[in-house]
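*Asks:* Please read through the structure below; I'll follow up with questions.
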Amino acid sequence: MDYIDIKHMRVLLLLVKELNVSRVASKLDISQQAVSAYLKRLRTYFGTELFVRRNAGLEATDYALSLVPKVEKILDEVSQLRSPQVFDPNIQDFSICIMANEYAQLTIIPSLLKTLHALAPRASVEIKDFNASQHVECLNSGDVDLVLGFSNHIDVGLIRKNIRREEYCCVVRHGSAIPGKLEMNMSFSDIPAVKFAPSAGNIENLVDDFFEKAGMKNNVIATLPCYTTLGAFFTANDAIAFIPSAIGAQGNFCKLETAEKMVPFDVTVAWHRKSNDNPLRVWLTKILEMTTICGGTNCV
Numbered sequence: 001m002d003y004i005d006i007k008h009m010r011v012l013l014l015l016v017k018e019l020n021v022s023r024v025a026s027k028l029d030i031s032q033q034a035v036s037a038y039l040k041r042l043r044t045y046f047g048t049e050l051f052v053r054r055n056a057g058l059e060a061t062d063y064a065l066s067l068v069p070k071v072e073k074i075l076d077e078v079s080q081l082r083s084p085q086v087f088d089p090n091i092q093d094f095s096i097c098i099m100a101n102e103y104a105q106l107t108i109i110p111s112l113l114k115t116l117h118a119l120a121p122r123a124s125v126e127i128k129d130f131n132a133s134q135h136v137e138c139l140n141s142g143d144v145d146l147v148l149g150f151s152n153h154i155d156v157g158l159i160r161k162n163i164r165r166e167e168y169c170c171v172v173r174h175g176s177a178i179p180g181k182l183e184m185n186m187s188f189s190d191i192p193a194v195k196f197a198p199s200a201g202n203i204e205n206l207v208d209d210f211f212e213k214a215g216m217k218n219n220v221i222a223t224l225p226c227y228t229t230l231g232a233f234f235t236a237n238d239a240i241a242f243i244p245s246a247i248g249a250q251g252n253f254c255k256l257e258t259a260e261k262m263v264p265f266d267v268t269v270a271w272h273r274k275s276n277d278n279p280l281r282v283w284l285t286k287i288l289e290m291t292t293i294c295g296g297t298n299c300v
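Here the sequence shown is numbered in full-length UniProt numbering, starting from 1 and rising by one per residue.
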């Protein structure tokens, strides 16, 4: 026999403690014959006596006693194999890469970076633009730790967690003449509107559905590439736009109430199954959840 297993080690420690085969058998819920068999295997493996018989039971040899701290250390390390690893951001320099869509870059990433800098000042953080065709491979290769964006655009094969419920809100610029026109019973179908180009940063089909129901399908005077261009567009144009409520709350916009509510959607964080138990990934996701307000955010 050229090996012993965990059961042999546990029997050895109990025998040293109890010095009685019957008590060890009772504690392990096995027969005395089984304990004797374990002891025989241990003696064969170590090639020396581990216990000597006395009238009252057993007495451990010096060699058996010398094995106790070694075996205890092995069993302790084995017991920790299934314990979750805890990431300590203070013990090392490390890098983080997050792939995020425009919404996340504008509404979630700033507060996340502030928290990360406070908790891990030695960390290097890189933010990449969300890429619908490459985000799975980037996670698989380890080039990206987390993906953050709209659930509709994130691959369903990834491990996903919804962190915020969002909805579109209707906005105009401050000082716009449109609210006054609506108060005079002007129809939404007569209001000029701006849209955003289809991309992973928006869910334009929700807006299209609203335009269709409101009879505004032909009112679009411009299609912008991203939400960040809306402020500049509004400086010279008076129109309405539909943007995620958290973005609306940040900009110099005025919210307009609409008769129909837009269909809500989820903001999701995702990662590859390979990194599911990675201590850095687990820690980073918890920090993200701490700094993200769950639920929709209303425009102001």
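Ideal Cβ positions, reconstructed from N, Cα and C, are used throughout, including at glycine. Note that this is a predicted model, so its numbers are computed, not measured.
What is the rounded straight-line gap between the Cα of Leu-28 and the Cα of Glu-49?
*Replies:* If you take the alpha carbons of Leu-28 and Glu-49, they lie about 23 Å apart.
*Asks:* DSSP three-state call for Ile-98: helix, strand or coil?
*Replies:* Here Ile-98 sits in strand by DSSP.
*Asks:* Less than 8 Å separating the beta-carbons of Gly-149 and Ala-197?
*Replies:* No, the pair does not count as a contact, with Cβ atoms beyond the cut-off.
*Asks:* By the 10 Å Cβ neighbour count, where 16 or more other Cβ atoms means buried, how is Thr-107 classified, buried or exposed?
*Replies:* By the 10 Å Cβ count, Thr-107 comes out buried.
*Asks:* Would you call the CB atoms of Lys-7 and Tyr-38 closer than 8 Å?
*Replies:* In this structure, Tyr-38 lies closer than 8 Å to Lys-7 by Cβ.
*Asks:* Specify the secondary structure class of Tyr-168 as computed by DSSP and reduced to three states.
*Replies:* Three-state result, Tyr-168: strand.
*Asks:* Going by the beta-carbon positions, is the gap between Ile-240 and Cys-170 smaller than 8 Å?
*Replies:* In this structure, Cys-170 lies closer than 8 Å to Ile-240 by Cβ.
*Asks:* Hey, is Ala-241 close to the ligand SAH, as in C-beta under 7 Å from one of its heavy atoms?
*Replies:* Inclusion of the ligand SAH in the displayed structure is not the case, the ligand content being empty and no account of it being possible.
*Asks:* According to DSSP, what are the bridge partners of Ser-124?
*Replies:* Partner(s): Ser-95.
*Asks:* Rounded to a whole number of angstroms, what is the C-alpha to C-alpha distance between Val-68 and Leu-13?
*Replies:* If you take the alpha carbons of Val-68 and Leu-13, they lie about 7 Å apart.
*Asks:* Between Gly-175, Leu-288, Asn-219, Leu-182, which has its C-alpha nearest residue 310's C-alpha?
*Replies:* Here the chain has residues from 1 to 300 only, and residue 310 is not among them.
*Asks:* Can you tell me whether Pro-244 is buried or exposed, with buried defined as 16 or more other CB within 10 angstroms of its CB?
*Replies:* When all chains shown are included, Pro-244 counts as buried.
*Asks:* Let me know if Ser-194 comes out buried or exposed under the rule of 16 or more other beta-carbons within 10 Å of its beta-carbon.
*Replies:* The sequence as given places Val at residue 194; Ser does not occur at that position. Classification of Val-194: buried, given that the 10 Å Cβ count is 16 or more.
*Asks:* At the level of alpha carbons, what is the spacing between Gly-215 and Pro-192?
*Replies:* Near 12 Å, if we compare the C-alpha coordinates of Pro-192 and Gly-215.
*Asks:* Relative to the C-alpha of Ala-236, which candidate in Glu-260, Val-172, Pro-225 has its C-alpha closest?
*Replies:* Residue Val-172 is the option with its Cα nearest to Ala-236.
*Asks:* DSSP has Lys-195 in a bridge; who is on the other side?
*Replies:* Bridge partners of Lys-195: Thr-223.
*Asks:* Run through DSSP, which three-state label would Thr-44 get?
*Replies:* Thr-44: helix per DSSP, three-state reduction.
*Asks:* Measure the beta-carbon distance from Pro-264 to Glu-166 and round it to whole angstroms, keeping in mind my assumption that it falls under 8 Å.
*Replies:* About 6 Å separates the two Cβ atoms, so the contact holds.
*Asks:* Where does Ala-270 fall in DSSP's three states?
*Replies:* Of the three classes helix, strand and coil, the one that applies to Ala-270 here is strand, per DSSP.
*Asks:* Between Asn-276, Ser-141, Ile-247, Tyr-3, which has its C-alpha nearest Val-267's C-alpha?
*Replies:* Nearest option by C-alpha distance: Ile-247.
*Asks:* Since Val-144 sits in a beta bridge, which residues does DSSP pair it with?
*Replies:* Paired residues: none, contrary to the question.
*Asks:* Is the distance from the Cβ of Val-125 to the Cβ of Ile-96 below 8 Å?
*Replies:* Contact: yes.
*Asks:* In the DSSP assignment, what residue or residues form a beta bridge with Phe-51?
*Replies:* According to DSSP, Phe-51 bridges with Ala-60.
*Asks:* Is the CB-CB distance between Ala-132 and Ala-200 below 8 Å?
*Replies:* The answer is yes: Cβ separation under 8 Å.
*Asks:* Could you name the residues of the same chain whose beta carbon sits closer than 7 Å to that of Leu-42, not counting the 5 residues immediately before and after it, in chain order?
*Replies:* Within the same chain, Leu-42 has close Cβ partners Ile-4, His-8, Leu-12, Leu-50.
*Asks:* Taking the straight line between their C-alpha atoms, what separation do you get for Gln-33 and Gly-57?
*Replies:* Their Cα atoms are separated by approximately 15 Å.
*Asks:* Would Thr-292 and Arg-122 be called neighbours here (beta carbons separated by less than 8 Å)?
*Replies:* For Thr-292 and Arg-122, no; Cβs fall outside 8 Å.
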